[in-house]
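Chains G and Y supply the protein sequences, listed in that same order.
So the number in our numbering is just where the residue sits in the first sequence, counting from 1, plus 4.
So the number in our numbering is just where the residue sits in the second sequence, counting from 1, plus 4.
The C-beta atom is built at its ideal place from N, Cα and C for all residues, glycine as well.
All remarks here apply to the structure that follows.
Protein chains: 2
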Amino acid sequence: MLARVRAYLSADRADAIIIPSNDPHFGEYVQKHFCIRAMLSGFDGSAGTLVLTLSEAALWTDSRYFIQAEAQLKGSGIDLMKIGVEGVPDIVSWLNARFDDGCRILLDGALISAAEYASYNKKLNARVVGIADPFDEILSEREPLYFETVILDPESFSGLSVAAKREMVFSGDPADLRICRILTRCDDIMWLCNIRGSDIDYNPVALSYALVFSDKILLFACKEAFEEAALEYLASQQVEILPYASFYDVCGEMASDESIHFLSPASSTSMRLESIFADSRHFGYESRSEGEVAYRKSIKNPVELEGFCKANLLDGIAWCRILKYIEDNIETGTLNEYSIAQQLIEYRGESPDYRGESFEPIVAFNANAASAHYSANSDEEAAVVTAQGFLLMDTGAQYPFGTTDTTRTIPLSELTPDQIADYTAVLKGMIQLSMASFIKGTTGYQLDILARQPLLSLGRLFFHGTGHGIGHYLCVHEGPQNIRMDRDSGVALLPGMVQSNEPAIYIEGEYGIRTENVLVVEPFTENEFGTFYRFETLTLVPIATSCIDREQLGDECAQWLNNYHRRVYEKIAPHLNDEEAIWLKNKCRPI
Amino acid sequence: MLARVRAYLSADRADAIIIPSNDPHFGEYVQKHFCIRAMLSGFDGSAGTLVLTLSEAALWTDSRYFIQAEAQLKGSGIDLMKIGVEGVPDIVSWLNARFDDGCRILLDGALISAAEYASYNKKLNARVVGIADPFDEILSEREPLYFETVILDPESFSGLSVAAKREMVFSGDPADLRICRILTRCDDIMWLCNIRGSDIDYNPVALSYALVFSDKILLFACKEAFEEAALEYLASQQVEILPYASFYDVCGEMASDESIHFLSPASSTSMRLESIFADSRHFGYESRSEGEVAYRKSIKNPVELEGFCKANLLDGIAWCRILKYIEDNIETGTLNEYSIAQQLIEYRGESPDYRGESFEPIVAFNANAASAHYSANSDEEAAVVTAQGFLLMDTGAQYPFGTTDTTRTIPLSELTPDQIADYTAVLKGMIQLSMASFIKGTTGYQLDILARQPLLSLGRLFFHGTGHGIGHYLCVHEGPQNIRMDRDSGVALLPGMVQSNEPAIYIEGEYGIRTENVLVVEPFTENEFGTFYRFETLTLVPIATSCIDREQLGDECAQWLNNYHRRVYEKIAPHLNDEEAIWLKNKCRPI
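Have a look at this one:
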């Protein structure tokens, strides 16, 4: 296959091609059709960039994938470039060492943001040329695009009509301007159009683009895949469906219409899209970096929030069963990480509303949990789980009325003082953030330290974000707000925003601990000092108390935990059988 | 006087003049010589801008000064413009309503930053013309500039020679570049040159400018005012003293020297200074907004830190005496806010090292404390202090080895539940920030919430910063780092930075509570997770415990407070007489 790509380069007189990992929709997961880098290199981790020249090939990936990439690239003739390792050149240096300003480097312009493209062009000696996806011709074995059934997301779940959402999205714009919002992110489009698909793993979205006006929407998707109810509803809401493949052409036709102001989110405007509007003075970025639609989507309405509660209730029932199942079977030697994940899926499947997992389930035993994204995909890969140390489980599900995401770390035996201190610090951080009150205008960046302080006081820290937004029967990772320490999203937390809260600690080669609830921002009080918000917890899954250092946790956090457990028991117990209910009562005992 | 300024405007064919409040050194306090706005308007608050046209005059000030300005402007013919009040135009709108692009508006170019000047020129229809200070000619009654004695700040207090400081400041620059750092802030110059003056209230600085090279310093100051020891020392450290008034001329002469790269901090580069270098391609802003000297100055060396400890010990002794004095005399009816401040100054003065207050002392009884910067200047102005409610005292002192800043709120009677809850929340916030641990790279903006959380959980908040940097026998407010919620300084807290910690609550018409300690950042631990820092407390003044809600405070904070009080007692008691020591022992009892 590499030879065929090189033949293509030769025919085009190009010197190299850069092949990234994403698709033109800038989502987290990608259809196989777009996994060209994996296809060509054999390395199928989620992150990596392949660069191919006429005589060489190299693949850049980050530390999560060093071992996997090394194994999968063996014998491919592709050099592994370990990002961040001293002495390993980055893509720009590597290319500059080989190509000067007479050279041409190709890159699919739909797969790179305009900003990244500009940065490449500034730093590279050679010229970077944006091309349209060439691989349909080159790689006959390429997986075809597929478009699964698109269903209606009824207003009884979404809470608002498409017309009402459109009105909301355009409400802040000057009345005398005809604005067209360009959407390339599938989840934005699903939310706005009250539809759901299943073209991508874990994310219930249909591959699509949209051009959104205040009075109509042009939806670029596979019309044949839409169920009748969806077609009827969309027609009633001034949504016109055009062929998925015609998106760029229609943009090209409209670009010259000077009566329209085009707006696109900076973070999801591809170089290809921007080049279409290069001559238009009527094109600009949305003032919010992820755009107005993503912003409005992040603020859940009361109907959506009711759905989140229902989703967490159903998920809480399944979680209680899996936690009891593990406890009942831990001594048998028959449990492994994969079988536990499958068993949880089975429990979830007992609800007719279950629509699948919201991400690849993480069930990780002791040292395996020290990698934050470890996941075993089969019984063979999976570690046997015995009564020793910790088991970390981070899984979530899709329901038509909400998405869940929960992490629990389960003590399986007596623990060391360090393990107890770490477990308690992680939990205390999770609780301190849950208890936070804050004034209107506060961002997650300002609250983040509340979740980290107990770990920091032990001289320990985790390096991922503390919290991400969560979609409503959509992507489990959703912007634009977040709770992080490394950068400020600049987006204030507002009532209705649904947010994960997941402090953690990872001790390499030993164990990982993470405790995650999902929170929603709600109004607290309004007075002469201003408008105050706080969090309410949506998750309803018991938290192990046997390994808590009560003194380290402190009274305030203990009281929060006892109140939480009282609520978990009250909500979940009525849905359990007697034996399960007794088990849960014990788990929810005050400490 | 207004008539004479108008005559000057007429003669110059100008339409208006803008007169700000600051001096050319961009400090917090200003010599009378520069108080032109106060002189012309009669309004002598610290913040205000006067605009004078041929027929009108208006003065803009903020809400702190509405009442005072109203009184002082009465009958002056100057309109009061209340900043932030609905319907009140800002300076730009007011000027644009009067003057179009044929008009000229004058402004002393040394009193406005280049950035502010650019903003004026962009928004104003009329042309803004930068002029040199014209008031020596116009206002014969103007106070003359004065230059008080400049003394040596010996290395036994400063910890480093001027040469060593110079080397530190230039250590990050490319070796092949001849760099000249331009300093206009007097405290930067005092620190760098190991000298102190007393040209400005509360800030022990001499009026000065400097041009700093890696191998020498040109110091623009009044040489006649320097004591012999200072002159000798400066000569030995390659510091050449030139006349204060020659600064701009020397800059002008040097500007054309293309072998020199000039660097000036963005925040203290005046329009006048920048215009001198307008034609030079070798002029730019320092990469740190307050400049390299201010940054190095903020990181105190071990000798400076030892001095801070000594200063806080001396100040702690005086504080204990004033607290006991208030307690002993509260029932007599003889105490007032002013007399208490004077008594504290007297106690401080018992130490031969006392060099004066570090800012205008704040002693505020009940409702008076609800304005954060209230200060009574005489017995007549001051409220009588009786055994009722709270007394807030925020005062600090200058010692040759350090500067102090302490706030205590003293309960004078039984308090209401709200007062107890507020007092406890403020204290808890102060303690939570004191206990913080954090990873290298963390800014005050990220820690701020720790000090506010207990208040936020009551639906209350204070709106000033939580902490400011503190100079070493220099300005009590010092950058570039801070702890605030409204904006991120972008400056990470580093070991050696000295920082106030002063959460508060203000209930209008009722009371104000503020508790302030001074902290220094120190190393905590270094391990596989990174480099961790924490705070140590420098202040040694007991904190009232009688009005604490022990349950609300929590065990962790109570333990911190008990440890703190043990240390206060151990350090201070040996310097008190028996009666005082017994009193202190009681105040430091564990709760």
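- Between Y/Ser441 and Y/Thr541, the beta carbon gap of about 14 Å keeps them out of contact (Cβ cut-off 8 Å).
- G/Ile474 is a Cβ neighbour of G/Asp409, given a cutoff of 8 Å.
- Non-local beta-carbon contacts of Y/Asp203 in its own chain, meaning distances under 8 Å to residues more than five positions away in sequence, involve Gln35, Tyr150, Phe151, Glu152, Cys190, Val209, Ala210, Leu211 in chain order.
- Membership of G/Val243 in the beta strand (DSSP E) is indicated by the continuous run 243-247.
- Per the coordinates, the alpha-carbon of G/Gly513 lies some 35 Å from the alpha-carbon of G/Tyr573.
- Within the same chain, and ignoring the five residues on either side of Y/Met85 in sequence, the residues whose Cβ sits closer than 6 Å to its Cβ are Ala62, Trp64, Val92.
- Counting of Cβ neighbours within 10 angstroms places Y/Glu90 among the exposed residues, the total staying below 16.
- Taking all protein chains in view, the Cβ of Y/His569 is crowded by 16 or more other Cβ atoms within 10 Å, so the residue is classified as buried.
- Contact between Y/Asn486 and Y/Gly471 is confirmed by a C-beta separation of about 6 Å, below the 8 Å threshold.
- DSSP lists Y/Phe230 as the beta-bridge partner residues of Y/Val154.
- Membership of Y/Gly471 in any alpha helix (DSSP H) is not indicated; the residue belongs instead to the beta strand (DSSP E) covering 471-473.
- In the DSSP assignment, Y/Ser504 falls within the unbroken beta strand (DSSP E) covering 502-505.
- Using a Cβ-Cβ distance cut-off of 8 Å, the region 529-539 of chain Y and the region 452-463 of chain G are in contact, since at least three pairs of beta carbons, one from each stretch, lie closer than that value.
- Membership of Y/Leu111 in the beta strand (DSSP E) is indicated by the continuous run 108-112.
- Just so you know, the alpha carbons of G/Leu6 and G/Leu44 end up roughly 6 Å apart.
- Taking all protein chains in view, the Cβ of Y/Lys589 is surrounded by fewer than 16 other Cβ atoms within 10 Å, so the residue is classified as exposed.
- Assigned with DSSP and collapsed to three states, Y/Val297 falls in helix.
- Rounded to the nearest whole angstrom, the CA to CA distance from G/Arg10 to G/Lys304 is 49 Å.
- In this structure, DSSP gives Y/Phe405 a state outside helix and strand, which the three-state scheme calls coil.
- For Y/Ile517, there is no enclosing alpha helix (DSSP H); the residue is found in the beta strand (DSSP E) stretching over 515-518.
- A straight-line Cα-Cα distance of about 14 Å links Y/Leu544 and Y/Leu580.
- Residues of the region 550-581 of chain G that bring their beta carbon within less than 7 Å of a beta carbon in chain Y comprise Gly558, Asp559, Glu560, in sequence order.
- Taking the CA atoms as reference points, Y/Ala20 sits about 30 Å from Y/Tyr213.
- Residue ranges of uninterrupted beta strand (DSSP E) with 3 or more members, entirely inside the region 114-169 of chain G and ordered along the chain, are 131-135.
- Remark: C-beta atoms of G/Leu431 and Y/Phe533 do not approach each other more closely than 8 Å.
- Per DSSP, reduced to three states, the secondary structure at Y/His579 is helical.
- Two segments are said to touch when three or more pairs of C-beta atoms, one from each, lie closer than 8 Å; by this definition the region 278-285 of chain G touches the region 259-269 of chain G.
- Within the same chain, Leu542 come within 7 Å of G/Cys313 by CB-CB distance, once the 5 residues on both sides are set aside.
- For Y/Ser438, the enclosing alpha helix (DSSP H) begins and ends at 421-438.
- The straight-line gap separating the alpha-carbon atoms of G/Asp66 and G/Thr447 is approximately 29 Å.
- Below 8 Å, too few C-beta pairs join the region 219-238 of chain G and the region 405-420 of chain G to call them touching: fewer than three.
- Taking the beta carbon of Y/Asn531 as reference, the chain G residues within 9 Å of it are Gly463, Arg464, listed in sequence order.
- Residue Y/Ile40 holds the alpha-carbon nearest to the alpha-carbon of Y/Leu143 among Y/Ile40, Y/Thr188, Y/Ser165, Y/Ala168.
- Cβ neighbours of G/Lys575 within its own chain (closer than 8 Å, five residues either side excluded): Leu317, Gly320, Leu544.
- Residue-level contact check: Y/Asp452 touches chain G, since one or more beta carbons of chain G fall below 8 Å from its beta carbon.
- Here the C-alpha atom of G/Tyr449 lies approximately 43 Å from the C-alpha atom of Y/Ala577.
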